[in-house]
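Asks:
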């Protein structure tokens with residue numbers, strides 16, 4: 004009987020984000036029952052939320068470690084382009100997927116070289132690599148999109164973004180699997196402790212024998228690989244690649260992470276919080292339109308939700324705002 008209250012006492016941030024989700028969903032159901040009491044909207048959410056959500060999960064680990072990656076929208080475009088070109092040349096979506104993940108890993112290695120190897124602040128380094136990857140991709144593509152409608156006929160398309168059992172978007176299953184894996188890493192593996200120690204106090208982590216350079220490098224590479232996976236899956240879902248791929252994901256990813264309660268100072272964050280944050284941010288735009296408001300309201304509502312969520316988190320964990 005006391006299990007849920009005990010959980011909420013021990014996990015106030017997760018309880019708060021769950022409450023925010025419940026209130027938002029109840030509001031949409033009350034104001035737009037014709038949409039939110041029908042299953043179609045939830046299938047649509049399962050089709051769209053996972054792409055940004057997967058990147059947000061990886062970003063959570065990066066920020067917990069005390070780092071930041073602003074290059075992922077451009078890396079997503081570069082990985083998607085690698086997928087499209089390799090598929091066009093070989094006819095193999097599997098080869099394209101491996102190429103996308105490899106390019107993502109390369110981007111992560113470049114970020115870690117600048118940040119961990121040369122000591123460049125992560126924000127500055129990843130702003131630079133974002134310009135590099137976006138510019139290089141547009142140059143290689145000649146500014147032209149790549150269409151690949153034939154990919155819809157491949158087995159890998161059905162496996163990664165098809166509709167399982169005729170209704171369930173496969174990307175939602177992959178998102179759920181990645182969520183479970185990252186939760187286990189963060190909460191049930193020594194690697195999760197290493198991430199938190201590095202983010203909370205890097206010097207103390209080094210004194211404890213934690214290989215901080217390897218940990219920081221690892222999260223950047225993982226971030227790149229997950230971005231590559233998401234980029235390839237978006238290409239498969241849309242059956243095309245376009246030079247502006249990834250633009251617009253910056254807001255979705257960081258909003259999901261910070262609404263979910265991850266501390267910008269590092270050392271603290273939860274996979275569950277990011278999952279709920281991704282769902283909340285993903286459902287807002289369709290909810291706004293469904294209740295009869297103009298899409299012009301979307302960004303303002305994003306801002307209200309983000310400010311409200313981070314304010315609640317700050318009140319629940321007041322020490323987080325006192326770090327220097």
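Numbering (our numbering), first residue to last: 4 to 327. All C-beta atoms in this analysis are idealised placements derived from N, C-alpha and C, irrespective of residue type, glycine included. What you are looking at is a predicted structure, and each value in this text was computed from that prediction instead of being measured.
Going by CA-CA distance only, name the one from 174, 251, 178, 266 that's closest to residue 239.
Replies: Checked all of 174, 251, 178, 266; the closest Cα to residue 239 is 174.
Asks: Do residue 69 and residue 263 have their C-beta atoms closer together than 8 angstroms?
Replies: No, these two residues do not count as a Cβ contact at 8 angstroms.
Asks: Taking the alpha-carbon of residue 18 as reference, which of 280, 90, 284, 310 has the nearest alpha-carbon?
Replies: The shortest C-alpha separation from residue 18 is found at 280.
Asks: Can we say the stretch 251–259 touches the stretch 47–56, given the rule of at least three CB pairs closer than 8 angstroms?
Replies: Result yes; three or more Cβ-Cβ pairs closer than 8 angstroms.
Asks: Kindly list the residues whose CB is nearer than 6 angstroms to the CB of residue 290, restricted to its own chain and excluding five residues on each side of it in sequence; keep chain order.
Replies: For residue 290, where only same-chain residues beyond five positions count, the Cβ hits under 6 angstroms are 31.
Asks: Go ahead and pull the three-state DSSP assignment for residue 190.
Replies: Helix.
Asks: Between which residues of its own chain and residue 170 is the CB-CB distance below 8 angstroms, once the five residues before and five after are set aside?
Replies: Cβ neighbours of residue 170 beyond the five flanking positions: 46.
Asks: Report buried or exposed for residue 136, applying the criterion of at least 16 other Cβ atoms within 10 angstroms of its Cβ.
Replies: Residue 136 is buried by the Cβ-count criterion.
Asks: How about residue 66 and residue 267: do their beta carbons lie closer than 8 angstroms?
Replies: In contact: residue 66 and residue 267 (Cβ atoms closer than 8 angstroms).
Asks: If you draw a straight line from the C-alpha of residue 146 to the C-alpha of residue 180, how long is it?
Replies: Whole-angstrom Cα-Cα distance: 35 angstroms.
Asks: I'd like the list of long-range same chain contacts for residue 35, defined as Cβ closer than 8 angstroms, with 5 residues on each side in sequence excluded.
Replies: Result list for residue 35: 290, 293, 294, 295, in chain order.
Asks: Round the Cβ separation of residue 49 and residue 274 to the nearest angstrom and send it over; I've been treating them as touching at under 8 angstroms.
Replies: 18 angstroms between Cβ atoms; not a contact.
Asks: Judging by CA-CA distance, which residue of 115, 141, 138 is the nearest neighbour of residue 129?
Replies: Minimum Cα distance to residue 129 is reached at 115.
Asks: Counting pairs of beta carbons, one from the stretch 91–103 and one from the stretch 298–317, are three or more of them closer than 8 angstroms?
Replies: Because the criterion of three Cβ pairs below 8 angstroms is not met, the stretch 91–103 and the stretch 298–317 do not touch.
Asks: Would you say residue 219 and residue 118 are within 8 angstroms of each other, going by their C-beta atoms?
Replies: Yes, Cβ-Cβ distance for residue 219 and residue 118 is below 8 angstroms.
Asks: Please report the straight-line C-alpha distance between residue 15 and residue 84, rounded to a whole angstrom.
Replies: Computed Cα separation, rounded: 42 angstroms.
Asks: Once you ignore the five residues that flank residue 151 on each side, which residues in its own chain have a CB closer than 8 angstroms to its CB?
Replies: Answer for residue 151: 87, 90, 91, 238, 242, 243, 244, listed in chain order.
Asks: May I have the straight-line CA-CA distance separating residue 122 from residue 217, to the nearest angstrom?
Replies: In a straight line, the C-alpha of residue 122 is about 14 angstroms away from that of residue 217.
Asks: Do residue 24 and residue 287 come within 8 angstroms of each other at the CB atom, strictly closer than that value?
Replies: It is not a contact, given that the beta carbons lie outside the stated cut-off.
Asks: Could you check the C-alpha separation between residue 77 and residue 305 for me, to the nearest Å?
Replies: Whole-angstrom Cα-Cα distance: 23 angstroms.
Asks: On the three-state DSSP scale, how would you describe residue 149?
Replies: Note: residue 149 maps to strand in three-state DSSP.
Asks: Using three-state DSSP, classify residue 245 as helix, strand or coil.
Replies: DSSP places residue 245 in coil when its eight states are reduced to three.
Asks: Alpha carbon to alpha carbon, how far is residue 71 from residue 208? Give it in angstroms, no decimals.
Replies: Computed Cα separation, rounded: 19 angstroms.
Asks: Look at residue 110 and residue 234 and say whether their C-beta atoms are less than 8 angstroms apart.
Replies: Not a contact, by the Cβ cut-off of 8 angstroms.
Asks: Would you check if the distance between the CB atom of residue 230 and the CB atom of residue 134 is smaller than 8 angstroms?
Replies: The answer is no: Cβ separation not under 8 angstroms.
Asks: Would you say residue 29 and residue 246 are within 8 angstroms of each other, going by their C-beta atoms?
Replies: Not a contact, by the Cβ cut-off of 8 angstroms.
Asks: Under a three-way DSSP split, which group does residue 172 fall into?
Replies: The answer is strand: DSSP assigns residue 172 an E or B state.
Asks: When the distance is taken between beta carbons, is residue 183 closer than 8 angstroms to residue 189?
Replies: Taking 8 angstroms as the Cβ cut-off, residue 189 and residue 183 do not qualify as a contacting pair.
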